[in-house]
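First comes the structure, then the notes that go with it.
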Amino acid sequence: MSFPISETSPVRFAGALPPRADVVVVGGGVIGVMTAWFLREKGLSVVVCEKGHIAGEQSGRNWGWVRQQGRDPGELPIMVESLSIWKRLAAEMGEGLGFKQTGVLYLAKTEREIEGFEAWTEHSRAHQLDTRLLTAGETMAMLKGAAAPWKGALWTASDARAEPWVAVPALAAVAEEKGVVIREACAVRGLDLAAGRVAGVVTEAGRIACDHVVVAAGAWSRLFLGAHGISIPQLSVLASVAATEPMPEIFPGNAADDDFAFRRRADGGYSIAPGARHDFFIGRDAFRSFGVYLPVLKKDFRSTNFRLAAPKGFPDAWGTPRRWSMDAPSPFERRRILNPAPNMQTLGEVQENFARAFPSLGRPKLKTAWAGMIDSLPDVVPIVDHAPIPGLTIATGMSGHGFGIGPGMGRVVADLVMGRPVGHDLSRFRLSRFSDVSRIEPGPSL
Ligand SMILES: Cc1cc2nc3c(=O)[nH]c(=O)nc-3n(C[C@H](O)[C@H](O)[C@H](O)COP(=O)(O)OP(=O)(O)OC[C@H]3O[C@@H](n4cnc5c(N)ncnc54)[C@H](O)[C@@H]3O)c2cc1C
87 MSFPISETSP VRFAGALPPR ADVVVVGGGV IGVMTAWFLR EKGLSVVVCE KGHIAGEQSG
147 RNWGWVRQQG RDPGELPIMV ESLSIWKRLA AEMGEGLGFK QTGVLYLAKT EREIEGFEAW
207 TEHSRAHQLD TRLLTAGETM AMLKGAAAPW KGALWTASDA RAEPWVAVPA LAAVAEEKGV
267 VIREACAVRG LDLAAGRVAG VVTEAGRIAC DHVVVAAGAW SRLFLGAHGI SIPQLSVLAS
327 VAATEPMPEI FPGNAADDDF AFRRRADGGY SIAPGARHDF FIGRDAFRSF GVYLPVLKKD
387 FRSTNFRLAA PKGFPDAWGT PRRWSMDAPS PFERRRILNP APNMQTLGEV QENFARAFPS
447 LGRPKLKTAW AGMIDSLPDV VPIVDHAPIP GLTIATGMSG HGFGIGPGMG RVVADLVMGR
507 PVGHDLSRFR LSRFSDVSRI EPGPSL
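Going left to right, the sequence shown walks through residues 87 to 532 as our numbering numbers them.
Written out as structure tokens, the structure is:
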């Protein structure tokens, strides 16, 4: 079995495009869907255009962690809000989201890691979270049959999990019931500008007039914005994941150390993944942004497997055009879903690490494996801001942790679009930080 949402999956959302809407959202991941949800709740007419399928890219492929723990202090208040929205949605929608507050556990093998965890608790205290540092004994007591030599852990019991490829389409279905028009297999080729401001979008199915556009295009945002002269230093890394066959429960929540991460799934298996290892395709954008990524690269160099070229049609593949005509198929139509092959060698190591940590279970059997392209920014926090083109808002670069924060971020972006107070300080996420004299400060990436 491969990833359940593919280019050949039937279209589930086929809303009829109106000639005009208040807002058009580019991208049907969790950020686009939840932005549309909250805009519609405030009475606006909204269209979500998705070139492939809802949750076909990152929002369906992620680990399913809904965590406050380890977040950048700029994101944390939005994440606290997001968790309360998840709880409300789960109460309203029932089991469908797979949402459960089973906690997040970060496992430490060294004193240095424990010090890092301890430093982060300053932020949890500021928001009265239930985060605690656990001793080695307390840690081992939480994990049935564990044999790994963990010295302690960081634990937030109120953190949660959900089932990504089920939850995001389920949220989209409710958004549709609320009146959001959602259209899959509908790439937005570009913006239609009049007198320098947004007047609409050009999609492969025709033009939609609108006053506001939200770019929530995940790993494609740099390409999309670049065609309109807006440069963002976004790059993507390939992250591999596997789902195991059902197995006895050793821990009901989400846990990780440097070697591997696992999350209990609703089907009785675990989603397992490397803790830090990923693959990176070298391309033109990568060369251009090399300097600005040096601080994170230095931290991450040994866990990166560099590869010479991305598969054909990927946003930073060598042959992908940076400019195109609005009257012909664009790069977004040529590659509807980023579905890279997972790195099976890395996943094999994860199976070994899991078996070593839980010897009574042995090597977990894999039911399926997949990979996703994580869109990142050099400081590992997103851009959530108005663009220099009036009417254009950017919400992208969630940097590997946009699933959990998705509902809260959707509420924030909706208010930002409407020019209302958002209730949080968004200065950490401003677009200009990459072009003014700001120092790039990477987030904790714990
Ligand atoms: C392996 C992996 C593990 C992760 N684990 C976690 C986790 O446990 N917890 C967590 O919080 N986060 C996690 N993340 C990160 C999280 O999945 C992302 O941050 C989040 O899903 C980003 O949502 P998005 O809506 O911004 O982007 P996406 O989900 O990538 O959606 C963007 C959508 O835009 C569409 N699109 C692009 N261009 C166009 C266009 N021109 N026209 C129309 N449509 C377009 C794309 O097809 C895509 O569907 C993980 C990610 C991966 C890949």
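We put the CB at the ideal spot given by N, CA and C, even for glycine.
Please read all numbers here as calculations on a predicted model, not as lab measurements.
Residues near residue 319 in its chain [Cβ-Cβ closer than 7 Å; skip 5 each side]:
375, 378, 463, 464, 520
Start-to-end residues for the alpha helix (DSSP H) that takes in residue 300:
No alpha helix (DSSP H) holds residue 300; the beta strand (DSSP E) holding it covers 298-301.
**OP:** Work out the CA separation of residue 199 and residue 208 for me, nearest whole Å.
**Re:** 15 Å
*Excluding five sequence neighbours on each side, which residues of the same chain lie with their C-beta closer than 7 Å to the C-beta of residue 530?*
156, 158, 206
With distances taken from CA atoms, which of 357, 322, 455, 160 is nearest residue 367? 322
Worksheet item: Closer than 6 Å: is that where the CB of residue 202 sits relative to any heavy atom of ligand 1?
Response: no
Roughly how many angstroms lie between the CA atoms of residue 384 and residue 363, to the nearest whole one?
14 Å
Query - Selected residue, minimal CA-CA separation from residue 170, among 340, 467, 495 - result: 495
Quick one, which of 152, 161, 109, 97 has its alpha-carbon nearest residue 138's?
The residue among 152, 161, 109, 97 with its C-alpha nearest the C-alpha of residue 138 is 97.
How close, in whole Å, do the beta carbons of residue 294 and residue 105 come, if the pair is a contact with beta carbons under 8 Å?
-> Right, the Cβ-Cβ distance comes to about 7 Å (below 8 Å), so this counts as a contact.
ask   = In terms of residue numbering, what span does the alpha helix (DSSP H) encompassing residue 164 cover?
value = 162-179
Compare the beta carbon distance of residue 305 and residue 459 with 7 Å and say whether it is the shorter of the two. Contact: yes.
task: May I ask you to report which of helix, strand or coil DSSP gives residue 124?
output: helix
Tell me whether residue 417 is buried or exposed, calling it buried when 16 or more other Cβ atoms sit within 10 Å of its Cβ.
-> buried
Boundaries of the alpha helix (DSSP H) in which residue 255 is found, first to last residue
Going by DSSP, residue 255 is part of the alpha helix (DSSP H) stretching over 250-263.
Residue 154, buried or exposed, once every other Cβ within 10 Å from all chains shown has been counted against 16: buried
Start and end residues, beta strand (DSSP E) containing residue 360 | 356-360 is the span of the beta strand (DSSP E), which, as asked, contains residue 360.
Between which two residues does the alpha helix (DSSP H) holding residue 385 run? 370-386
Please name the residue in 387, 160, 226, 173 whose C-alpha comes closest to that of residue 192.
-> Of the residues 387, 160, 226, 173, the one whose Cα lies closest to the Cα of residue 192 is 226.
- request: Quick one: grab the DSSP three-state call for residue 278.
  value: strand
*Is it a yes or a no for the stretch 397-417 touching the stretch 306-315, going by three-plus beta-carbon pairs under 8 Å?*
yes
Margin query: Quick check on the DSSP output: what are the complete beta strand (DSSP E) runs of length 3 or more inside the stretch 209-253, in order along the chain?
Written below: 217-221, 238-242
inquiry  = When you compare the CB positions of residue 489 and residue 346, do they come within less than 7 Å of one another, or not?
reply    = The answer is no: Cβ separation not under 7 Å.
Counting pairs of Cβ atoms below 8 Å between the stretch 438-458 and the stretch 329-345, do you hit three or more?
yes
(request) Count the CB pairs spanning the stretch 285-303 and the stretch 107-117 that are closer than 8 Å, and state whether there are at least three. (result) A contact is defined here as three or more CB-CB pairs under 8 Å, and the stretch 285-303 meets this definition with respect to the stretch 107-117.
Spatial neighbours of residue 469 in its chain, beta-carbon cut-off 7 Å, leaving aside the 5 residues before and after
318, 463, 480, 482, 483, 515, 517
Residue 95 to residue 248 span [Cα, whole Å]: 22 Å
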